[in-house]
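Visitor: Residue numbers (the working numbering), protein chains in the order written: chain A, 2 to 279; chain B, 262 to 520.
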Amino acid sequence: MTETVVSAQMSEFLASGRPMLEFENVSIGFEGHAVLSDLSFSVAHGETRILLGPAGGGKSVLMKLANGLIEPDSGEIRVFGRSLREMKERDMFEMRAHIGMVFQESALFDSLNVEDNVAYRLEEEHVDPQEIHARVLEALSFVELDKVIDKYPSELSGGMRRRVSIARAIIGRPDLILYDSPTGGLDPITSMTIIELVLKQRDVSHTTCLLITHRLQDAFTLATHRYNMQEHRMERIPNNGIDSSTRFLVLNEGRIVFDGTTLELTHTEDPWLKEYIE
Amino acid sequence: MRFVSPEAYAKTIVASVQEYSLLCAKAIGDIFSRPRYMDDIYTQMDSIGVGSLPIVVLTGFFTGCVLALQAAVSLKEFGAVNMTGELVTLSMVKELGPVLTGLMVSGRNASGMASELGSMKVSEQIDAMRALGTDPVRKLVTPRLVATVFMLFFLTIISDACGIAGGAFVSVTMLKLNAGTFFHTGYMSLVHGDVVEGLVKPLFSGFIIATIGCYYGLRTTGGTRGVGRSTTQAVVASSVIIILVDFLVTQLMIGIFGR
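This is the structure we're talking about:
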C-alpha cells in the first residue's frame, strides 16, 4: 500500500518535468577544510550526468550528499523535488528506495553471498521470496553474472564485484542511479564491460544517472555510443553522433569549472579544462 | 606528533559522550518500534551467548577453585575452614561471577563487534546499508544490544554455578571438606539481596559491552589500522566502565539491601 502511494507520488513528480536532483549553493567541509564550495547544478529526468575532475576534488562527497548519506554545511539539495533538509531519517529511507548506488569499492556485504547481496533491498521490503529469486536472476543476467549466484564477494574478481554492485543497484528498478567511480582501479577491458553495462541500463531503462569517472575515455564512450538491443552490444552512434541526454560536470578543488554538453566540453576555451581533457 | 589544545580535547570528549548517548537512546528506542530484526537477534544470541559459553564456564570454574584455595588458607588461621563454602558462594554470586563474566564477554564480544562494524564502516558497507534503505543502528546495534543483555544474564548464572562447583571440587578433593557442608553453608549465606545484586550487574555490563563495541565500530576511520585501534579502544573502555559501573551498582545495592 505504502509502495503504491509512494509510486503514485513518484509518477506525479516524473510527469511534472522538474529536475530529479538539484544542488543549490551547497558547501561542505571537513575539519576546517572546504571540500565543496557553493555548488549549484541540476540533473534532469532521463539525463546521464558525468562528473569529471582530479582526484580529491570532492566528487564522492557530492555523491554521498545526493543520497543524503551526509549533510551539507549550507545550501539546499532537492531529490525528486523534495528538500533533504526537511526530511526525517525515515523519509530518507523511503526516498532511497528510488535510488540505486554503486560504490567506489563495490561495498558488497562480505558475509552474504551474491544472491543475498543483490536481493538485500527486496528482502528488506518483504517481497515474496519467489519473486525475489526471479528478480535476482534477472538482475544478474543483466550484468551477465548469473553463474556466480552462490559465491561470496571474496571469491569474485574486482570487476565481478563491481558488476554485482550494479545488479544490486538496479534490482529495485530505481529512478536515479549514482555510480561512484564504477571503473576505478579496473583494467581497460573490464572498465569497458562496466561502461557497456551503464550504457545498457541508460538505453534500456532510460534511468537518470550521475556517474563519477576518472577515465575520460569512459566518459566519451558514454557520450558517443549507444546500446544495440538487437545485437546485444555497444556501438558507436552513426555519423559521429552524440547522445543528447549525456551532460558533463567538471569539478576542481571543490568548485564547478564546467557544466554543459559534450560538444561544449570538447570546444571549451578554458585553459585548465583544455589541459585536463587533453 | 601533533599537540591538541585542552579546549579542543575537552570538546572532543563532550562530542563523543553526546554521540554515544544518542546512539544508546536510538538503539533502545528501536527495540520498541518496527521493523525488528528478530533473525539478527537470534544470530547474535548464538554468537554472543553460546559462543562465549566455553570461556565463561572455564573462567567461572577455575575462579571458584582458586577462591576456595585462597580462602581456606586465611580461614584456617581462624579455625573456620568450614566457612569456605559461604565465602566462595557469596563472592561468586555477588561479585566475581558478574564482573568476570562481563570482562570475559567484553574481551570476546566488544572487540568482535568493534572489528566487525569497523570493517563494515571502512569498506563503506554501512553507507551501502543506508543507501539500500536500512537503518544501520536498527539492523546492527539493537540486535547486539538485546542479545548481549539477555545472554549475559544467563551466562552470569552459569558462571556463578561453575564457580561454586569449582570451589566445591577443590574443597572436597584438596581441602577434604564435606560437600554437603560446603553447599549448605553457601546456600544459607545467600539472601534475596545478594542474588538480586548479582543478577542486576550483568544487565548493565551487557548494555556497556554492546553499546561500547558498536559505538567504536561505527566511528571507525582510517582503514585496517583504524579497525585495530577501535577494537583495542572498545575492549579497554568497556572493561573499565564495567568495573566502574560495578562499583556504583554495588554501592546502590548496599544502600537498598543494607549488605
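Backbone N, C-alpha and C define an ideal beta-carbon position, used for all residues, glycine too.
Measuring CB to CB, does ASP301(B) end up less than 9 Å from LYS400(B)?
Guide: Contact: yes.
Visitor: Spell out the partners DSSP gives ALA35(A) in its beta bridges.
Guide: The partner list for ALA35(A) (beta bridge, DSSP) reads GLY30(A).
Visitor: Could you check which residue in LEU212(A), SER43(A) and MET193(A) has the C-alpha nearest to that of MET235(A)?
Guide: Comparing Cα-Cα distances from MET235(A) to each of LEU212(A), SER43(A) and MET193(A), the minimum goes to MET193(A).
Visitor: Opposite ILE257(A) in the DSSP bridges: which residues?
Guide: The partner list for ILE257(A) (beta bridge, DSSP) reads LEU252(A).
Visitor: Considering only C-alpha positions, which residue in the set ARG227(A), LEU37(A), ALA45(A) and ASP129(A) is nearest to ILE178(A)?
Guide: That would be ALA45(A), whose Cα lies nearest to the Cα of ILE178(A).
Visitor: Under a three-way DSSP split, which group does THR362(B) fall into?
Guide: DSSP places THR362(B) in helix when its eight states are reduced to three.
Visitor: How is THR49(A) classed by DSSP in three states: helix, strand or coil?
Guide: If DSSP states are grouped into helix, strand and coil, THR49(A) belongs with the strands.
Visitor: Which whole runs of the alpha helix (DSSP H) in the stretch 399-469 of chain B are 4 residues long or more, in chain order?
Guide: Qualifying alpha helix (DSSP H) stretches, in chain order: 403-434 and 440-450.
Visitor: Per DSSP, what kind of secondary structure is VAL6(A) in: helix, strand or coil?
Guide: Low per-residue confidence applies at VAL6(A): pLDDT is 44, beneath 50, and the placement is therefore not dependable enough to give any value.
Visitor: Just to confirm before moving on: does the CB-CB distance between GLY82(A) and GLY255(A) stay below 9 Å?
Guide: Cβ distance not < 9 Å, so GLY82(A) and GLY255(A) don't count as in contact.
Visitor: Indicate whether at least one CB of chain A lies closer than 9 Å to the CB of THR350(B).
Guide: Closer than 9 Å: no.
Visitor: Candidates LEU212(A), SER107(A) and GLN131(A): which alpha carbon is nearest ARG169(A)'s?
Guide: Of the candidates LEU212(A), SER107(A) and GLN131(A), the one whose C-alpha sits nearest the C-alpha of ARG169(A) is SER107(A).
Visitor: Nearest to VAL334(B) by CA position, among SER432(B), ARG391(B), SER372(B) and ILE292(B), is which residue?
Guide: With distances taken between Cα atoms, VAL334(B) lies closest to SER432(B).
Visitor: Could you compute how far the alpha carbon of THR362(B) sits from the alpha carbon of VAL410(B)?
Guide: Each residue's Cα considered, the two are about 12 Å apart.
Visitor: Strictly below 8 Å CB to CB, what residues from chain A border ASP388(B)?
Guide: Within chain A, the residues near ASP388(B) are LYS65, LEU70, PHE104 and ALA108.
Visitor: Return the CA-CA distance between SER420(B) and GLU458(B), expressed in angstroms with no decimal places.
Guide: In a straight line, the C-alpha of SER420(B) is about 15 Å away from that of GLU458(B).
Visitor: Measuring alpha carbon to alpha carbon, tell me which of GLY394(B), GLN386(B), MET412(B) and THR482(B) ends up nearest GLU126(A).
Guide: Measuring from the Cα of GLU126(A), the nearest candidate turns out to be GLY394(B).
Visitor: Report yes or no: is there a C-beta of chain B within less than 9 Å of the C-beta of GLU232(A)?
Guide: No, no contact with chain B.
Visitor: Can you list, in chain order, the residues of its chain whose CB lies under 6 Å from that of TYR153(A), leaving out five sequence neighbours each side?
Guide: Excluding residues within five positions, the ones whose Cβ falls inside 6 Å are ASN114.
Visitor: If you measure from the beta carbon of LYS462(B) to each beta carbon in chain A, is any gap under 9 Å?
Guide: Taking Cβ atoms only, chain A never reaches closer than 9 Å to LYS462(B), which makes this a no.
Visitor: For LYS65(A), count neighbouring Cβ atoms within 10 angstroms of its own Cβ and tell me buried if that reaches 16, exposed if not.
Guide: By the neighbour-count rule (16 or more Cβ atoms within 10 Å), LYS65(A) is buried.
Visitor: Measuring only between beta-carbons, confirm whether LEU393(B) sits less than 9 Å from chain A.
Guide: True, the Cβ-Cβ gap to chain A drops below 9 Å.
Visitor: In the DSSP assignment, the alpha helix (DSSP H) including ILE243(A) goes from what residue to what residue?
Guide: No alpha helix (DSSP H) contains ILE243(A), which DSSP labels as neither H nor E.
Visitor: Output, in chain order, the set of chain B residues within a Cβ distance shorter than 9 Å of PHE31(A).
Guide: Here the premise fails: no neighbours, minimum Cβ distance about 11 Å.
Visitor: Provide the residue span of the alpha helix (DSSP H) that contains GLY312(B), from first to last.
Guide: Counting along the chain, the alpha helix (DSSP H) containing GLY312(B) begins and ends at 312-338.
Visitor: In chain order, what residues of the stretch 77-95 of chain A put their CB closer than 9 Å to some CB of chain B?
Guide: Listed in sequence order: GLU90, ARG91, MET93, PHE94 and GLU95.
Visitor: Got a sec, what are the start and stop residues for the beta strand (DSSP E) GLU77(A) sits in?
Guide: Looking at the DSSP string, the run of the beta strand (DSSP E) that includes GLU77(A) is 75-80.
Visitor: Per DSSP, what kind of secondary structure is TYR298(B) in: helix, strand or coil?
Guide: TYR298(B): coil per DSSP, three-state reduction.
Visitor: PHE42(A) by DSSP, collapsed to three states: which one?
Guide: Correct three-state label for PHE42(A): strand.
Visitor: Using only alpha-carbon positions, find the residue among HIS99(A), SER142(A), MET230(A) and ASP117(A) that is nearest to GLN10(A).
Guide: Here the closest residue by C-alpha is HIS99(A).
Visitor: Pick helix, strand or coil for THR262(A), following the three-state DSSP scheme.
Guide: Here THR262(A) sits in strand by DSSP.
Visitor: For HIS278(B), does the three-state DSSP call read helix, strand or coil?
Guide: Rather than His, the amino acid found at residue 278(B) in this sequence is Val. Helix at VAL278(B).
Visitor: What's the gap between the Cα of SER12(A) and the Cα of PHE94(A)?
Guide: Rounded to the nearest angstrom, the two C-alpha atoms are 18 Å apart.
Visitor: Residues of the stretch 362-391 of chain B with a CB closer than 7 Å to any CB of chain A: list them in chain order, please.
Guide: Within the stretch 362-391 of chain B, the residues whose Cβ lies closer than 7 Å to some Cβ of chain A are SER384, GLU385, GLN386, ASP388, ALA389 and ARG391, listed in chain order.
Visitor: What is the DSSP secondary structure of MET193(A), reduced to helix, strand or coil?
Guide: DSSP places MET193(A) in helix when its eight states are reduced to three.
Visitor: Considering only their Cβ atoms, is the gap separating GLY478(B) from LEU413(B) smaller than 9 Å?
Guide: No, these two residues do not count as a Cβ contact at 9 Å.
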